[in-house]
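Colleague: Residue numbers (the UniProt record's numbering): 1 to 423.
#1: Can we say the segment 16-29 touches the segment 98-115, given the rule of at least three CB pairs closer than 8 Å?
#2: Could you tell me the distance, in whole angstroms, from the CA atom of residue 384 to the CA atom of residue 392?
#3: So within the segment 316-370, which uninterrupted beta strand (DSSP E) runs reach at least 3 residues, ignoring any that extend past its ends?
#4: Just how far apart, CA to CA, sit residue 256 and residue 306?
#5: Is residue 273 close to chain D, meaning its C-beta is less than 8 Å from at least one C-beta of that chain?
#6: Write down the C-beta distance between residue 274 and residue 310 rounded to the nearest angstrom, noting that I regard them as a contact closer than 8 Å.
#7: Pull up the DSSP beta-bridge partners for residue 412, would you.
#8: Less than 6 Å between C-beta atoms, sequence neighbours within five positions excluded: which residues of the same chain meet that for residue 420?
#9: May I have the straight-line CA-CA distance separating residue 400 from residue 81, to the nearest angstrom?
#10: Are residue 415 and residue 246 touching if we call contact CB-CB under 8 Å?
#11: State the beta-bridge partners of residue 405 as determined by DSSP.
#12: Please say whether residue 367 and residue 397 have beta carbons closer to each other than 8 Å?
#13: Return the chain-ordered ranges of every alpha helix (DSSP H) run that is complete within the segment 234-311 and spans a minimum of 4 residues.
#14: Quick check: residue 379 and residue 388, are their CB atoms within less than 8 Å of each other?
#15: Mapping DSSP to helix, strand and coil, what is residue 100?
#16: Taking the C-alpha atoms as reference points, what is the distance between residue 77 and residue 39?
#17: Answer with buried or exposed for residue 47, where buried requires no fewer than 16 other C-beta atoms within 10 angstroms of its C-beta.
#18: Could you give the distance in angstroms between the alpha-carbon of residue 295 and the alpha-carbon of residue 318?
#19: Quick check on residue 39: does DSSP put it in helix, strand or coil?
#20: Just reading off the beta strand (DSSP E) that residue 395 is part of, what are its end residues?
#21: When the Cα of residue 348 is compared with those of 402, 277, 74, 65, which residue comes out closest?
#22: Assuming the contact rule is C-beta atoms closer than 8 Å, residue 314 and residue 412 should be a hit. Round their C-beta distance to whole Å, please.
#23: Quick one: using the 10 Å Cβ neighbour count with 16 as the cut-off for buried, is residue 36 buried or exposed?
#24: Using 10 angstroms around the beta-carbon of residue 423, count the other beta-carbons present and answer buried if the total reaches 16, otherwise exposed.
#25: Check each candidate in 418, 259, 89, 286 and name the one with the smallest Cα separation from residue 304.
#26: Excluding five sequence neighbours on each side, which residues of the same chain lie with their C-beta closer than 6 Å to the C-beta of residue 92?
#27: Return the first residue and the last residue of the beta strand (DSSP E) that residue 63 is part of.
#28: Have a look at residue 180 and residue 132 and give me their C-alpha separation to the nearest angstrom.
#29: Straight-line CA distance for residue 407 to residue 357?
In structure tokens, the structure reads:
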């Protein structure tokens, strides 16, 4: 029986390099805006690789950034997670990338080709790069074909006429080039390699349709690109505009309930935070996330300013604070064993935008709590470059004391409503 050879097209297609158009400058100077990057799947990705990926598995939003950290949050034998960032960005991206979200590692960068691809998607570009070259080639090929047919017909009629004129039957010699067409004439016309021009034009039209883009949460970004056209940056606060800047998760010398949360506006604009919500991770019963606090109407954070949410007002017997909180609520409770606080614009459970996350549902990533002498109630402070709030590298333990009552500023350390201490 014949041998059957199977061919896994899907597996083969997944190993074909893919091309994407760069549509913002967050990877400059390594990759310029308007370049085309070639991405190829790899078995292993390491720190420093530039990868194209779909954040959270969203294939409609492809991003190309560099791997900044490769993490194993569940142990060395667990699947890796990647923290990414643009070379031109001050901050890291706010997500963790899984292997299955990565389309490939970038192996080649072709500057400026993306501009041509986007132009080819316009009506005039498609006409110039595809329709016109294809029409010229078809016309030249038809003209050449008609010339060959005319030459063959003329040669045929000449042979028939010659046969009738002869009185004796004679076997005619085979038709040769000297009797009919001139083979040199066949070579006239446009070069055959010109057929590649419309093919190239059509291929870059397709490239434009699969364009990826670079993301950036910096305020210097005024616009985001889509294939072939400009659009304004998304309206409203974006992830990273406000960060969870400091957590007093252990309480203070005045009591375990003297907990507070500080937010920081990282932008140069006042941000209205009315109705924003903070959630917490809860381990009682079934592990779950629940609403902790909704910020009151009319609240805002000035440019580069702070917003303090505390259990008690300044001067209360249960508070060591010497600064006035912006919000007071007994619902502010922070876990010492499974800490994760998330900040949302509007309703967290019905599509509100996630602005920032602090902690990763485990023990706090920084801070110091010691109830024996000498006592230590040291807050968990965000680094000046916030980074990803779910990793320890973005946090440090407070080493100075600002904003506490006199006498309470020795065993309590933190900087409520002030710039954080240096790492």
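For each residue, glycine too, the CB sits at the ideal point set by N, CA and C. None of these values were measured; they are calculated from a predicted model.
Modeller: Taking the geometry as given:
#1: The way I'd put it, the segment 16-29 does touch the segment 98-115; three or more beta-carbon pairs between them come closer than 8 Å.
#2: One alpha carbon belongs to residue 384, the other to residue 392, and they sit about 14 Å apart.
#3: Fully enclosed beta strand (DSSP E) runs of 3 or longer: 339-345, 353-362, 368-370.
#4: Distance from the CA of residue 256 to the CA of residue 306, rounded to the nearest whole angstrom, comes to 23 Å.
#5: No chain D appears in this structure, which consists of one protein chain only.
#6: Not really, about 19 Å apart at Cβ, beyond 8 Å.
#7: In the DSSP assignment, the residues bridged to residue 412 are 377.
#8: Closer than 6 Å at the Cβ level, and outside the excluded window around residue 420, lie 381.
#9: Rounded to the nearest whole angstrom, the CA to CA distance from residue 400 to residue 81 is 33 Å.
#10: Yes, the pair counts as a contact, with Cβ atoms nearer than the cut-off.
#11: In the DSSP output, where bridge partners are listed per residue, residue 405 has none listed.
#12: Here residue 397 is near residue 367, since their CB atoms are less than 8 Å apart.
#13: Runs found: none.
#14: No, they are not a contact pair.
#15: Residue 100 falls in the helix class under three-state DSSP.
#16: Distance between the alpha carbons of residue 77 and residue 39 is about 27 Å.
#17: Label assigned to residue 47: exposed.
#18: Those two C-alpha atoms are separated by around 22 Å.
#19: Shown here, residue 39 sits in a strand according to DSSP, grouped into three states.
#20: Its beta strand (DSSP E) spans residues 395-397.
#21: Answer by Cα proximity: 277.
#22: No, residue 314 and residue 412 are not in contact; Cβ-Cβ is about 13 Å, not under 8 Å.
#23: Label assigned to residue 36: buried.
#24: By the neighbour-count rule (16 or more Cβ atoms within 10 Å), residue 423 is not buried but exposed.
#25: Nearest C-alpha to residue 304 among 418, 259, 89, 286: 418.
#26: Around residue 92: 68, 83, 85, 387, 388.
#27: For residue 63, the enclosing beta strand (DSSP E) starts and ends at 63-71.
#28: At residue 180 the pLDDT is 45, less than 50, meaning the model places this residue with poor confidence; the figure from the coordinates comes in the next sentence. Distance from the CA of residue 180 to the CA of residue 132, rounded to the nearest whole angstrom, comes to 33 Å.
#29: Distance between the alpha carbons of residue 407 and residue 357: 33 Å.
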